[in-house]
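Taken in order, these protein sequences are the chains called X and H.
Here numbering that gives the first Met the number 0 is used: the first residue of the first sequence is 0, the next is one more, and so on.
Here numbering that gives the first Met the number 0 is used: the first residue of the second sequence is 0, the next is one more, and so on.
Ideal Cβ placement from N, Cα and C applies to all residues, glycine included.
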Amino acid sequence: MGAGVGKMFGIDKIFGGLLDSIGLGALKPLVNVAFDFATGNIPGVLQDLTSLMSSFGDGGFTNNVASRQPLPESFNSDNEYRSEADERTNDSRTACQCRGEDDELSSNRLGQLFKLLGEVFSAKEPSEMMNKLSDLFRLLSQNAEDRQTIQNARTNIQFFAGSATIQA
Amino acid sequence: MNKPNTSNMKTEPAWLRAATNSVSPRKRLGVTEREFREMGRIGGMYYNRGDLGKARTVFEGLVAMDPESSDAHAALGALLTRTLENDLAMLHLNRAIELDDRQIAAYVNRAEVRLRQKEGEAAVADLKRAIELDPQQKNSAANRARAMVMGIHDALEAKSIM
């Protein structure tokens, strides 16, 4: 099959093309050492791979390939599954008056979590775990404040833009 | 969903062992599914932006907050795969799969680590599983597995002919 693999799926090159574009250009030297060519069942592996590739269809999947080591779907900040996953979630534990209207991580809610964090951990708690949680909340809090700042700036811009339109 | 395999405990960092052995802070804090996912997405945003230090802070924090979250382990495993920390990556990717055997991203990243660790046939098995879990070819992680399969096939065939 050789160079024909790419052609089968409408791709000019596997190496130097598709794989380089998704950060897997180094796959080839890895493959060369990952398989035992002396004693391993290379023909069997090749047969397995050929069988797998026969299910790939026309290669349309190449238009949607993770360009770096993939995250789980629910943590992917730019994936298409977000709204679907959001709709599926119906967590009764969300009933808490301290949350923002949109139920997202507002700086208010993070402040509450920070306070709770201090309360629930005793002095006996392993400090490194506590540090990791503390670092997490500090970063998230900063992120929420940044988002709030951006939102405020947007609101101000819209307000002033509106005023300018009225004056004009 | 299976309980974590305790055979890895010896190689676990102390903070992770401590988190695993206590009532999860997530439960004690009353952090909801949605909030947890939102935190994960903030980590994902940093990760996609290439700010791996901040992404690591978030993902390690989420593992500490809920050591039984497959998503948290899979995310940290992805980051560690990216930073070439193979042994630690394997620890979290194995745990992610133990907690959820349909965790596509973890299979794909584990395959990459396994290739680096010269476990080619085990890597192919992981890629196969990832592909099987996404027959519609809609998942970008599974599609990465498809691309890897093509690459491995190409490289193996070229080497075999030589």
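Contact set between Ser76 (chain X) and chain H, taken where Cβ atoms lie within less than 7 Å: Counted from its first residue, the first sequence places residue 76 (chain X) at position 77. Within 7 Å Cβ-Cβ: Arg40, Gly43, Met44, Asn47.
If the cut is a Cβ gap below 7 Å, which residues of chain H does Gly73 (chain X) touch?
-> Within the first sequence, the letter at position 74 stands for residue 73 (chain X). Looking at the sequence itself, residue 73 (chain X) is Ser, so the reference to Gly does not match. In chain order: Arg36, Gly39, Asp70.
Could you give the first and the last residue of the continuous alpha helix (DSSP H) run that contains Phe58 (chain H)? Locating residue 58 (chain H) in the second sequence gives position 59, counting from the first residue. Per DSSP, Phe58 (chain H) belongs to the alpha helix (DSSP H) from 51-64.
### CA-to-CA distance, Asn130 (chain X) to Asn75 (chain X), given in whole angstroms
Along the first sequence, read from residue 1 onward, the residue named residue 75 (chain X) stands at position 76. Along the first sequence, read from residue 1 onward, the residue named residue 130 (chain X) stands at position 131. Taking the straight line joining both Cα atoms gives about 25 Å.
Given Gly29 (chain H) as reference, the closest of X:Thr148, X:Arg146, X:Phe34, X:Arg108 once Cα atoms are compared:
As a position in the second sequence, residue 29 (chain H) is number 30, starting the count at 1. Of X:Thr148, X:Arg146, X:Phe34, X:Arg108, the residue nearest in Cα terms is X:Arg108.
Discussion item. Going by beta-carbon coordinates alone, are Leu104 (chain X) and Glu34 (chain H) separated by less than 8 Å?
Written reply: Translated into the one-based positions of the first sequence, residue 104 (chain X) becomes position 105. Translated into the one-based positions of the second sequence, residue 34 (chain H) becomes position 35. It is a contact, given that the beta carbons lie within the stated cut-off.
| Looking at the unbroken alpha helix (DSSP H) that takes in Gly42 (chain H), where does it start and where does it end? | Start at 1 with the first residue of the second sequence, and residue 42 (chain H) comes out as number 43. 32-48 is the extent of the alpha helix (DSSP H) around Gly42 (chain H).
query = Quick one: which chain X residues come within Cβ less than 8 Å of His91 (chain H)?
reply = Position 92 of the second sequence, counted from the first residue, corresponds to residue 91 (chain H). Near His91 (chain H) there are no residues of chain X at all, since even the closest Cβ is about 12 Å away, more than 8 Å.
Between which two residues does the alpha helix (DSSP H) harbouring Gln46 (chain X) extend? If you number the first sequence from 1, residue 46 (chain X) lands on position 47. Segment 41-52, the alpha helix (DSSP H) holding Gln46 (chain X).
Notebook entry, point to check: Closer than 8 Å, CB to CB, is Glu156 (chain H) near chain X or not?
Noted result: To locate residue 156 (chain H), count along the second sequence from 1; it is residue 157. True, the Cβ-Cβ gap to chain X drops below 8 Å.
Along the chain, where does the alpha helix (DSSP H) containing Glu97 (chain H) start, and where does it finish?
Walking along the second sequence from the start, residue 97 (chain H) turns up at place 98. Per DSSP, Glu97 (chain H) belongs to the alpha helix (DSSP H) from 85-98.
(Q) Does chain X have any CB closer than 8 Å to the CB of Met8 (chain H)? (A) Along the second sequence, one-based indexing puts residue 8 (chain H) at 9. Only weak support exists for where Met8 (chain H) lies, its pLDDT of 46 falling under 50; the value from the coordinates is given anyway. Answer no: the Cβ-Cβ gap between Met8 (chain H) and chain X never drops below 8 Å.
Taking a cut of 8 Å between CB atoms, which residues from the region 18-39 of chain X lie near chain H? Leu18, Ile21, Leu23, Leu26, Lys27, Leu29, Val30, Asn31, Val32, Ala33, Phe34, Asp35, Phe36, Gly39
Skipping 5 residues on each side, what residues in its chain have a beta carbon closer than 6 Å to that of Ala13 (chain H)? Residue 13 (chain H) sits at position 14 when you count from the first residue of the second sequence. For Ala13 (chain H), where only same-chain residues beyond five positions count, there are no Cβ hits under 6 Å.
| message | Is the beta carbon of Ala33 (chain X) closer than 8 Å to that of Ala122 (chain H)? | response | Translated into the one-based positions of the second sequence, residue 122 (chain H) becomes position 123. Translated into the one-based positions of the first sequence, residue 33 (chain X) becomes position 34. Yes, the pair counts as a contact, with Cβ atoms nearer than the cut-off.
**Message:** For the structure I just gave you, are there three or more beta carbon pairs, one from the region 36-50 of chain X and one from the region 74-81 of chain H, closer than 8 Å?
**Reply:** no
Within the chosen definition, does the region 63-77 of chain H reach the region 58-71 of chain X through at least 3 CB pairs nearer than 8 Å?
-> yes
**Asked** Starting from Ala25 (chain X) and walking both ways along the alpha helix (DSSP H), at which residues does that stretch end?
**Response** Counting from one through the first sequence, the residue named residue 25 (chain X) turns up at place 26. No alpha helix (DSSP H) contains Ala25 (chain X), which DSSP labels as neither H nor E.
On the three-pair Cβ rule with 8 Å, is the region 86-101 of chain H touching the region 49-60 of chain X?
no
| query | Would you call the CB atoms of Arg143 (chain H) and Ala65 (chain X) closer than 8 Å? | reply | In the second sequence, residue 143 (chain H) corresponds to position 144, counting from 1. In the first sequence, residue 65 (chain X) corresponds to position 66, counting from 1. Yes; because the gap between Cβ atoms is below 8 Å, this pair is in contact.
Exposed or buried, Thr56 (chain H), counting other C-beta atoms within 10 Å across all chains shown (16 or more means buried)? What you label residue 56 (chain H) is simply residue 57 of the second sequence in a count that begins at 1. Its Cβ being crowded by 16 or more others within 10 Å, Thr56 (chain H) is buried.
Quiz item: Which of the three DSSP states, helix, strand or coil, is assigned to Pro69 (chain X)?
Solution: Walking along the first sequence from the start, residue 69 (chain X) turns up at place 70. In the structure shown, Pro69 (chain X) sits in coil (DSSP, three-state: anything other than H, G, I, E or B).
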